[in-house]
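In the numbering used here, the protein residues as written are 225 to 590.
Here's the structure, in structure tokens; my notes come after.
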Ligand code: F6P
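Written out as structure tokens, the structure reads:
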């Protein structure tokens, strides 16, 4: 193990929140204090806490985790998923590169390294920011979308999946009672992992994901097959990023500096199905419900394994690494490789799709 002169590290959450973030912050704090005797500064609202003025941070100690809220979803440090630190919109309308402000913030707080908990976008953007500012950094993957590459697990996905499956369990009873086609729209702007996992676990017969094109005829054929099987209902899961038959996002809105907000594909499909005499459809958009709640046991385990490993990497003097779960082990990969892959999409030759297809699920024209 390399000997480093670390005295103080910063930890921040970046991008959309999810369940399990507080468990990561806890693991980072415990390991840093109890094993290495370092100080831990929690940076408020992601990179904003270091790049904007006044600096926003909070010294973390073991006792910060005595309160029950530290076991809940969300992030005790706050987070942001908007704005580009390399072209930041200032209140006076000008655009500023915040790299130097960020670097100065790190220097002012005397942080020797940063642990960044974020998704694929944060790994790319905050990774670049740290590199350009010369700040040693280790990343921890979190995302309900499961789209951060080179890791088999990310914090937050397991809880979101449980929420989607619970929704399907609830929808199944009302679908069966009313003989309806129930559509559940779940998150997943570029990748359909959450939709596909939910559809398998929740017993849906149709699952549409951004990676695979579909036809309305394909959907109707499956509904008809269900009818002939004597099933009075059908469950459909659709990822929010699935496009309409015309190749557009069903309903999209955005504000300057914010990510595009998706939503509406469930409504769109439901309307089309309702136009057919034989079928009666309703839709549910699960939205941000998927990001909240108490983290599942698995998300807490992943969070803890990732948090302690990230601190050990910092202690070894490593930087530009992302912790990862590979083959049953907590390990790490290079941030450069993560950035090269970008977004981890559903593998159309992979195991999950194979399971879905073997169950006769309609997943589009594959
Ligand atoms: O990236 C995670 C995610 O949950 C996406 O699936 C979704 O499109 C997005 O965040 C929603 O973000 P916001 O909180 O900005 O509406």
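C-beta atoms are modelled at their ideal positions from N, C-alpha and C, and glycine is treated no differently.
Fair warning: this is a prediction, and the values are worked out from it, not measured in the lab.
Check, Outcome
"Using 8 Å as the threshold, is the region 393–413 in touch with the region 448–468, meaning 3 or more CB pairs across them?", "yes"
"For residue 460, tell me which candidate among 420, 477, 479, 441 has the shortest Cα-Cα distance.", "420"
"Within a Cβ cutoff of 8 Å, which residues of the same chain sit near residue 333, ignoring the five residues on either side of it in sequence?", "232, 234, 265, 274, 279, 281"
"Which of the three DSSP states, helix, strand or coil, is assigned to residue 581?", "helix"
"Please determine if the region 508–528 and the region 241–259 are in contact, where contact requires at least 3 C-beta pairs separated by less than 8 Å.", "yes"
"Grab the span of the beta strand (DSSP E) containing residue 409 for me, first residue to last.", "405–410"
"Going by CA-CA distance only, name the one from 413, 388, 327, 553 that's closest to residue 473.", "413"
"What number of angstroms, rounded off, separates the C-alpha of residue 539 from the C-alpha of residue 550?", "21 Å"
"Please confirm whether residue 556 and residue 581 have their CB atoms less than 7 Å apart.", "no"
"Using a Cβ-based criterion (distance less than 6 Å to any ligand heavy atom), does residue 598 qualify as near the ligand F6P?", "Residue 598 lies beyond the range of the chain shown here (225 to 590); nothing can be said about it."
"Rounded to a whole number of angstroms, what is the C-alpha to C-alpha distance between residue 325 and residue 277?", "9 Å"
"Report the partner residues of residue 457 according to the DSSP bridge assignment.", "Looking at the DSSP assignment, residue 457 forms no beta bridge with any residue, so it has no partner."
"What whole-angstrom Cβ distance do residue 350 and residue 342 have, given they're in contact under 8 Å?", "6 Å"
"Just verifying my parser: in three-state terms, what is the DSSP assignment at residue 527?", "helix"
"Would residue 315 be called buried (16 or more neighbouring beta carbons within 10 Å of its own) or exposed?", "exposed"
"Quick check on residue 337: does DSSP put it in helix, strand or coil?", "strand"
"Leaving out the 5 sequence neighbours to the left and right, which residues in its chain are closer than 7 Å to residue 567 when beta-carbon positions are compared?", "344, 371, 414, 415"
"Compare the beta carbon distance of residue 510 and residue 391 with 7 Å and say whether it is the shorter of the two.", "yes"
"Tell me which residue opens and which closes the alpha helix (DSSP H) that residue 382 is part of.", "381–402"
"So, is residue 379 buried or exposed, given that buried needs 16 or more other C-beta atoms within 10 angstroms?", "buried"
"Heavy atom of the ligand F6P less than 6 Å from the Cβ of residue 387, yes or no?", "no"
"Using a threshold of 7 Å, state whether the C-beta atoms of residue 410 and residue 388 are closer than that.", "yes"
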